[in-house]
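The sequence shown begins at 8 in the numbering used here and counts up by one.
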Amino acid sequence: MTTLVIPAYNEGKNLQAVLKTAQKYVDEIIVVDDGSADNTFNVAQQEKGVVALCHLINRGQGAALETGNQKALARGADIIVHFDGDGQFLASEIKEVVFPIKEQRADVVFGSRFLEKKSNLPWFKEKIIIPLAHLVNKLFFGVSLTDPQSGFRALSRSAAQKIKINNDGMAHNSEIMAKVFRHNFKIEEVGITVLYHHFGQNFGQGMKIIKDLFLSKLID
Numbered sequence: 008m009t010t011l012v013i014p015a016y017n018e019g020k021n022l023q024a025v026l027k028t029a030q031k032y033v034d035e036i037i038v039v040d041d042g043s044a045d046n047t048f049n050v051a052q053q054e055k056g057v058v059a060l061c062h063l064i065n066r067g068q069g070a071a072l073e074t075g076n077q078k079a080l081a082r083g084a085d086i087i088v089h090f091d092g093d094g095q096f097l098a099s100e101i102k103e104v105v106f107p108i109k110e111q112r113a114d115v116v117f118g119s120r121f122l123e124k125k126s127n128l129p130w131f132k133e134k135i136i137i138p139l140a141h142l143v144n145k146l147f148f149g150v151s152l153t154d155p156q157s158g159f160r161a162l163s164r165s166a167a168q169k170i171k172i173n174n175d176g177m178a179h180n181s182e183i184m185a186k187v188f189r190h191n192f193k194i195e196e197v198g199i200t201v202l203y204h205h206f207g208q209n210f211g212q213g214m215k216i217i218k219d220l221f222l223s224k225l226i227d
């Protein structure tokens, strides 16, 4: 069973369209409303075939993914796909991301914005955040992938069982990569398309990601 896990924070206006499109490509969808102030939870709850969970407070995307992972495993997921609720990912590419796992070529598949497909990255993200994330991942975690901060990934059941996400914030991307390498899971990268509808991170948010990366290394 392939289960889609969507962490969602104030995505009420985008979520329904994402769910309706994604349902064609997976067996089940789990939405974790991370303490939203809008109608995100109601939208998820009302959509047929969607399991809706809710954090009472906003804990962060990493925490929402971990909640979704645990629920997916409890419900018997064989493959868990991480996906965003804002419409920036293409649901049609889910089948490409899970294919290496279904073919038993990989335990974990990372979507990459830097392979054969081209994403319209904001300048600050492309020129500042991404290079810094590459550097931190390489120096502190021993991880070298083409995309250091992609949120579109797939994990086999065995991989998901061994990778517990401890970083509640945005540095969970690097944490997941580091633990995948540490467990010597078979990895593949697949080209994905990302559609940026708004500027993803400002300077302060970008620096918070870098700070979280350093802290997660120090307390690991």
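Yeah, the Cβ is synthetic: ideal placement off N, Cα and C, and Gly gets one too.
- Beta bridge pairing from DSSP links histidine 89 with Val12, Arg160.
- In terms of Cβ geometry, asparagine 76 and alanine 167 form a close pair [threshold 7 Å].
- By the Cβ-count criterion, lysine 102 is exposed, with fewer than 16 other Cβ atoms from all chains shown falling within 10 Å of its own Cβ.
- Secondary structure remark: continuous beta strand (DSSP E) runs of at least 3 residues inside the segment 17-100, in chain order: 35-41, 57-62, 86-89.
- For the options Gln111, Ala81, Ala59, Thr74, the alpha carbon positioned closest to that of asparagine 173 is the one of Thr74.
- Inter-segment contact for the segment 47-56 and the segment 105-114 is absent: fewer than three beta-carbon pairs are separated by less than 8 Å.
- The alpha-carbon separation between alanine 79 and alanine 70 amounts to approximately 14 Å.
- DSSP places glutamate 182 within a helical segment (H, G or I) once states are collapsed to three.
- The alpha-carbon separation between isoleucine 170 and lysine 31 amounts to approximately 27 Å.
- About 4 Å separates the CB atoms of glycine 92 and glutamate 18; that is less than 8 Å, so the two are in contact.
- Alanine 84 and methionine 184 do not touch by the CB rule: their CB atoms are close to 21 Å apart, not below 8 Å.
- Counting only residues of its own chain and dropping the five nearest sequence neighbours on each side, leucine 162 has a CB closer than 6 Å to the CB of Ile87, Val115.
- As the crow flies, the alpha-carbon of valine 105 is around 32 Å from that of alanine 44.
- For the pair histidine 89 and valine 12, the CB atoms are nearer than the 7 Å cut-off.
- Within the same chain, Gly94 come within 7 Å of alanine 24 by CB-CB distance, once the 5 residues on both sides are set aside.
- The criterion of a C-beta distance shorter than 7 Å is not satisfied by phenylalanine 188 and phenylalanine 96.
- Less than 7 Å divides the Cβ of phenylalanine 121 from the Cβ of threonine 153.
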